[in-house]
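Peer 1:
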Ligand code: BES
Ligand code: MN
Ligand code: ZN
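Numbering (my numbering), first residue to last: 228 to 724.
Next up, the structure:
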């Protein structure tokens, strides 16, 4: 249900702005800037609202006006982008996501966007991605009225962009919307079983190789950490691997490893009632890698990419692991589970071993891993930890291209002592400090020296802070576009050599 249907994306020149047929012409306004000359010429009355300060160009500020006689669109929607100096790729996309939400609530499903204010032709991508990400309907399960579906998006005055780029931007916008939808699915709809079904559907449609390991295969392969986390659920845990082969057989193989905890109750180390409310989103990493590999495959990127998902439901109950249990991981390292709520690092450890056994040469994991990531960076960025400066630089460049913020934290060897257990090689919690880094370093123990970047999206995947108005509320699909842009960068590099 509610998968965003394809949006028809078109480009038009500014010269023809008056003849563009849509329900509404959306015109960005910058804070502290005079009315845009193009708007002035097109619709002096609308421009007058800017000149008078009745529309001040602040973020979230919208004004719907009847359009001047002679314009093909009956309405003008002035929307604010804030101060030009504050406008990075993330804010730009979020602002357009919100603008589309507003227009749809007014009943407008065919939206034209006029390039105005500080927007450059190069903002074509961010505008398309943001707008299309706004095609998602969060309240699809409510039985009341729904906003108009976004059916058509017309970019006026941005130029055509590089060949084929518009399609990629649209797909990335749709992928973001899809990741948001999967994140938002209630845990009674989306368990490990459904994650597998989603992966199989993608595999069938895109001719990807799909392998899944269920409870039996997990036991046979020694994936005891993942098995233990999912042991108390009726919906058995599984490892899911989708493989896209676009590169040379002996070329690099990028593994995008997603945490797919479809519900995190904490297990026997039970969370509080409040702490559990949003834990249907604990598969945000899985959502991002699934959504990203779809675009990788559709775009036929010249690189080998696998999406690996550690899917499980972390519940207390019969068969649940206990605090104090010691397991041998698939890698052979032993782990003492001091807190069953630190389950993400357990399942990721086994998932990374699976990725390595499947031939991964580069590893990027995405996980809603620690409350500390949210404490450190809020909802504004993902926290990154890496053992490899080269791969990190590519991730940083991908982040920039994607408008998907990341901020790197350091690994200090001093912290290694904090991970040591009295009864096993590693313990899974109780490190005492530096929660984002130490959790990442636990995962890093399993990458066998391969280049690796860890993205803790616990803050960035979902904004539940209502005071945080500049970031849309709810699931955000963090990491989706970044993964695609990373694969694209790696493809460009490996074909160059
Ligand atoms: N899934 C949570 C992390 C999380 C917190 C995600 C808030 C999204 C929003 C993770 O499994 C968890 O419970 N982490 C614990 C680890 C602790 C027990 C060492 C945490 O951060 O409190
Ligand atoms: Mn947990
Ligand atoms: Zn979790």
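Even glycine gets a Cβ: it sits at the ideal position worked out from N, Cα and C.
A quick note: this is a predicted structure, and the numbers were derived from the prediction, not measured.
The ligand ZN heavy atoms versus the CB of residue 672: any closer than 7 angstroms?
Peer 2: No.
Peer 1: Take the Cβ of residue 610 as the centre, count every other Cβ of all protein chains shown within 10 Å, and call the residue buried at 16 or more, exposed below.
Peer 2: The residue in question, residue 610, is buried, as its Cβ has 16 or more Cβ neighbours within 10 Å.
Peer 1: By Cβ distance below 6 angstroms, which residues in the same chain neighbour residue 501 in space, the five residues on each side in sequence not counted?
Peer 2: Taken in chain order, the list of residues that qualify is empty.
Peer 1: Using the Cα positions of residue 480 and residue 585, report the straight-line distance between them to the nearest angstrom.
Peer 2: Each residue's alpha carbon lies about 9 angstroms from the other.
Peer 1: Just how far apart, CA to CA, sit residue 351 and residue 560?
Peer 2: Roughly 48 angstroms between the two C-alpha positions.
Peer 1: Considering only the alpha carbon of each residue, which of 631, 261, 671 lies closest to residue 643?
Peer 2: The option with the nearest alpha carbon to residue 643 is 671.
Peer 1: Taking buried to mean at least 16 other C-beta atoms within 10 Å of its own C-beta, is residue 522 buried or exposed?
Peer 2: Under this definition residue 522 is a buried residue.
Peer 1: Could you say which of 589, 305, 374 lies nearest to residue 290 if we only look at CA atoms?
Peer 2: Out of 589, 305, 374, 305 has the C-alpha closest to the C-alpha of residue 290.
Peer 1: With a Cβ-Cβ cutoff of 8 angstroms, do residue 492 and residue 420 count as a contact?
Peer 2: No, the pair does not count as a contact, with Cβ atoms beyond the cut-off.
Peer 1: Within the continuous alpha helix (DSSP H) that includes residue 589, where are the two ends?
Peer 2: That residue, residue 589, is in no alpha helix (DSSP H); its beta strand (DSSP E) goes 589-594.
Peer 1: Since I believe residue 710 is in contact with residue 516 (beta carbons under 8 angstroms), could you give me their beta-carbon distance rounded to a whole number of angstroms?
Peer 2: 6 angstroms between Cβ atoms; contact.
Peer 1: May I have the straight-line CA-CA distance separating residue 229 from residue 406, to the nearest angstrom?
Peer 2: Per-residue confidence for residue 229 stands at a pLDDT of 42, beneath the threshold of 50, marking its modelled position as unreliable; the derived number appears in the next sentence. If you take the alpha carbons of residue 229 and residue 406, they lie about 12 angstroms apart.
Peer 1: Take residue 633 and list the residues in its own chain whose beta-carbon comes closer than 8 angstroms to its own, dropping the five residues that flank it on each side.
Peer 2: 608, 609, 610, 611, 622, 623, 626, 682, 709.
Peer 1: What are the residues that DSSP puts in a beta bridge with residue 303?
Peer 2: Paired residues: 252, 292.
Peer 1: For residue 540, which of helix, strand or coil comes out of DSSP?
Peer 2: Strand.
Peer 1: The ligand MN and residue 570: does the residue's C-beta get closer than 7 angstroms to at least one heavy atom of that ligand?
Peer 2: Yes; taking the cut-off as 7 angstroms, the Cβ of residue 570 has a heavy atom of the ligand MN nearer than that.
Peer 1: Out of 423, 546, 461, which one is the CA nearest neighbour of residue 495?
Peer 2: Here the closest residue by C-alpha is 546.
Peer 1: What do you get for residue 504, buried or exposed, if any count of 16 or more other CB atoms within 10 angstroms of its CB means buried?
Peer 2: Its Cβ having fewer than 16 others within 10 Å, residue 504 is exposed.
Peer 1: By DSSP's criteria, residue 606 is part of a beta bridge. Which residues make up the other side?
Peer 2: In DSSP, residue 606 forms no bridge with anything.
Peer 1: Are residue 277 and residue 251 touching if we call contact CB-CB under 8 angstroms?
Peer 2: No, the pair does not count as a contact, with Cβ atoms beyond the cut-off.
Peer 1: Under three-state DSSP, which class holds residue 581?
Peer 2: DSSP places residue 581 in helix when its eight states are reduced to three.
Peer 1: So which of 323, 347, 349, 345 has the shortest CA-CA distance to residue 339?
Peer 2: Comparing Cα positions, the closest option is 323.
Peer 1: Are the CB atoms of residue 655 and residue 564 within a distance shorter than 8 angstroms?
Peer 2: Yes, they are a contact pair.
Peer 1: On the three-state DSSP scale, how would you describe residue 534?
Peer 2: Strand.
Peer 1: Is the closest heavy atom of the ligand MN to the C-beta of residue 655 under 7 angstroms?
Peer 2: Checking the Cβ of residue 655 against the ligand MN gives no.
Peer 1: Is the beta carbon of residue 596 within less than 7 angstroms of some heavy atom of the ligand BES?
Peer 2: The answer is yes for residue 596.
Peer 1: Is the beta carbon of residue 491 within less than 7 angstroms of some heavy atom of the ligand MN?
Peer 2: The answer is yes for residue 491.
Peer 1: From residue 417 to residue 262, what distance separates their C-alpha atoms?
Peer 2: Their backbone Cα atoms lie some 48 angstroms apart in a straight line.
Peer 1: So, do the stretch 383-399 and the stretch 420-434 have three or more beta carbon pairs nearer to each other than 8 angstroms?
Peer 2: The answer is no - the stretch 420-434 does not touch the stretch 383-399, with fewer than three Cβ pairs under 8 angstroms.
Peer 1: Nearest-angstrom Cα distance between residue 396 and residue 292?
Peer 2: Roughly 29 angstroms between the two C-alpha positions.
Peer 1: Looking only at DSSP bridge pairs, what is residue 681 linked to?
Peer 2: Per DSSP, 592, 612.
Peer 1: Out of curiosity, what's the CA-to-CA distance linking residue 512 and residue 706?
Peer 2: If I take the Cα positions, the gap works out to 8 angstroms.
Peer 1: May I ask whether a heavy atom of the ligand MN can be found less than 7 angstroms away from the beta carbon of residue 541?
Peer 2: At least one heavy atom of the ligand MN is nearer than 7 angstroms to the Cβ of residue 541, so yes.
Peer 1: Note down, in chain order, each residue of its chain lying with its Cβ closer than 8 angstroms to the Cβ of residue 525, except the 5 sequence neighbours on either side.
Peer 2: Result list for residue 525: 398, 433, in chain order.
Peer 1: Give the single residue among 551, 593, 718, 667 whose Cα lies nearest to the Cα of residue 649.
Peer 2: Checking every option, the nearest Cα to that of residue 649 belongs to 551.
Peer 1: One question on the structure: do residue 410 and residue 689 come within less than 8 angstroms of each other, judged by their Cβ atoms?
Peer 2: Yes, Cβ-Cβ distance for residue 410 and residue 689 is below 8 angstroms.
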